[in-house]
Structures are given as C-alpha cells and as structure tokens.
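Sequential numbering from 9 applies to the sequence shown in this note's numbering.
All residues carry an ideal CB built from backbone N, CA and C; glycine is no exception.
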Amino acid sequence: MHLEPATASLNLRRPAAFAVGLLFLVAACAGTSATAQVPTIQPAVSEPIASPAAALTTPFNDEVPSPGPSSVSGLGTGRPANVNLVLSGTTTNSDGSYSASGPARLCGDAEINLTGNTRAFNFEFPSSGDHQIVDVTFSADDLVPGSTTSAFHVDVAVHAIAGGEPPSTIIDTASGSGNTGSAQLSEAGGSTTLTVQGSGDLGQTLTLTATCLPKVVTP
C-alpha cells in the first residue's frame, strides 16, 4: 500500500509518543515505589509500675483488737475443771463438802460478746455428765486475773449428802440484799483458778474453789 508523506510521518510519531508515555508511566511508578512510606508500629507505652511502698497510699489497720485487761479471753467452753465446794448453814439440808471434775460450760469472759465488757469473768460447770456438784453458775462484772471483787453472783446445786437434790444455794453480793463475800481470780501455767467465799442473809455460807486447766486440743 502506498502512503502519503503526511500520513507516513504521523504513523512514525505515534510509536514514539507511546514510548515516551510509557517511560513517564514507569518513572512515575518507580518514584511512587521509592517514596512510599512503610507505616511503622509504635511500641505501646506502658504506665510505670508503682513500688509496693508507693502503692500503699491508704493506710489500713489489720490488727485484732485486744480482748482487754483480762488475759482470760474467750468463753473457755470445754476446759477441764476441778471444783471443790463447802456449804454450811443451809436451810435445804445441802451442808457438806463436795467435789467434781469435768468439762466446764464457761471459764472466761462471756460478757465481751454481749456487752463489750472486757473485765468480766464467768464460770459455769459442768457442760456434761452427772456429778456430785450438779451445777455452778458464777459471774462477776469486774474480775480479771490477779484481782479480787466483792460484787458477784454465785448459784450452786448439789446431790446432797443427806440425800436428794435440794434447791440451789444462791449468794448475790451485787444485789445489795445483805449477802457478803469476796471472789479472787488468778492464773498460772495456763490454768485459771477462781476462789469464792460468801455468806447469805439467811446464814448460809459457801466456799468454792474452781480450777480450769488448759483445754486439750487434739490434732
């Protein structure tokens, strides 16, 4: 086919223009690849860890409150006890000397859980079993080891030597009813000893000695 000169010139310029355009496109792509930024991952910034001393910004108190001046803490339930009792001048034929050994119902401060009184002392016997001394109930609002008080209540019942189980003998010096006496509490080697002497308004007298031994804890 025969081309006119103008047409031949135009056809020669088209490949050249296409080549130039292709060069620009390659250059542009190369430039973009060269200048593209790869995103960097910044490490996480952790908060400084406070030292143990600095962490305790709020003081706290985890101490257990002291039970008070008395070292006879707790109820003393189940402590082995030896009890000796002498009654005289009773109107119920309860006179005589009595003794018993067994677990105590109480031998400590039973008032602290009820009234918060840290100076009280309670002794109750027995917690179980049948004994010559059927029952002892003693309480004082202010009796700590090493002290003596003249204000107390004591109630005892026995299997009488004369026979039968007569009504209990009561001496209450705290009521102001004419009863008098004293009660002393001591501690030594883990044992607690209560000694009571009292006289009632009807002429009855009472001498009581009760020793609570340390409670045996079985593994």
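**Three-state secondary structure assigned by DSSP to Ser-228** = Past the edges of the chain, shown from 9 to 227, lies residue 228, and the structure says nothing about it.
**Message:** For a minimum of 3 consecutive residues, which ranges assigned as the beta strand (DSSP E) are wholly contained in the region 77–150?
**Reply:** Taken in chain order, the whole beta strand (DSSP E) runs of length 3 or more contained in the region 77–150 are 88–96, 104–111, 114–116, 129–133, 141–148.
**Item:** CB contact flag (Val-142, His-161, <8 Å)
**Value:** no
**Residues of its chain near Gly-97, where Cβ-Cβ distance is below 6 Å and the 5 sequence neighbours each way are ignored** = Gly-211, Gln-212, Thr-213
**Message:** Helix, strand or coil, according to DSSP, for Ile-49 in the structure here?
**Reply:** Bear in mind that a pLDDT of 49 at Ile-49, under 50, signals an unreliable position, so the number given afterwards is only what the model happens to contain. Coil, per DSSP.
**Prompt:** Are the region 170–177 and the region 132–139 touching, with three or more C-beta to C-beta distances below 8 Å?
**Reply:** Contact between the region 170–177 and the region 132–139 is not established, with fewer than three Cβ pairs separated by less than 8 Å.
**Request:** Please confirm whether Gly-110 and Gly-82 have their CB atoms less than 8 Å apart.
**Result:** The Cβ-Cβ distance between Gly-110 and Gly-82 does not fall below 8 Å.
**Request:** From the DSSP output, read off the bridge partner residues of Gly-189.
**Result:** Gly-206
**Prompt:** Going by alpha carbons, who is nearest to Val-152 out of Ala-112, Ala-89, Pro-222, Glu-119?
**Reply:** Glu-119
**Asked** Three-state secondary structure (DSSP) at Ser-183?
**Response** helix
**Asked** How about Ser-190 and Ser-158: are their beta carbons less than 8 Å apart?
**Response** Judged by beta-carbon spacing, Ser-158 lies within the 8 Å limit of Ser-190, meaning their Cβ atoms are closer than that value.
**Request:** Report yes if the C-beta distance between Lys-223 and Gly-104 is below 8 Å; otherwise report no.
**Result:** no
**Asked** By a C-beta neighbour count over all protein chains shown, 10 Å radius and 16 as the cutoff for buried, is Ile-49 buried or exposed?
**Response** Caution is warranted here: a pLDDT of 49 is assigned to Ile-49, below 50, making its placement in the model unreliable, and no coordinate value can be reported.
**Prompt:** Distance, Cα to Cα, Leu-93 vs Ser-107?
**Reply:** 6 Å
**Sequence-distant residues of its chain with Cβ nearer than 8 Å to Ser-17 (five each side left out)** = Here Ser-17 scores only 44 on pLDDT, less than 50, and its place in the model is too uncertain to base an answer on.
**Asked** Three-state secondary structure (DSSP) at Ile-178?
**Response** strand
**Request:** Check each candidate in Gly-124, Cys-220, Ile-179 and name the one with the smallest Cα separation from Leu-95.
**Result:** Ile-179
**Message:** Can you find the residues in the same chain that come closer than 8 Å, C-beta to C-beta, to Asp-188, ignoring five residues on each side of it along the sequence?
**Reply:** The residue you asked about is not Asp; residue 188 is Thr in the sequence shown. Same-chain partners within the cutoff: Ser-158, Thr-181, Gly-206, Ser-207.
**Between the CA atoms of Asp-149 and Gly-124 - distance to the nearest angstrom** = 11 Å
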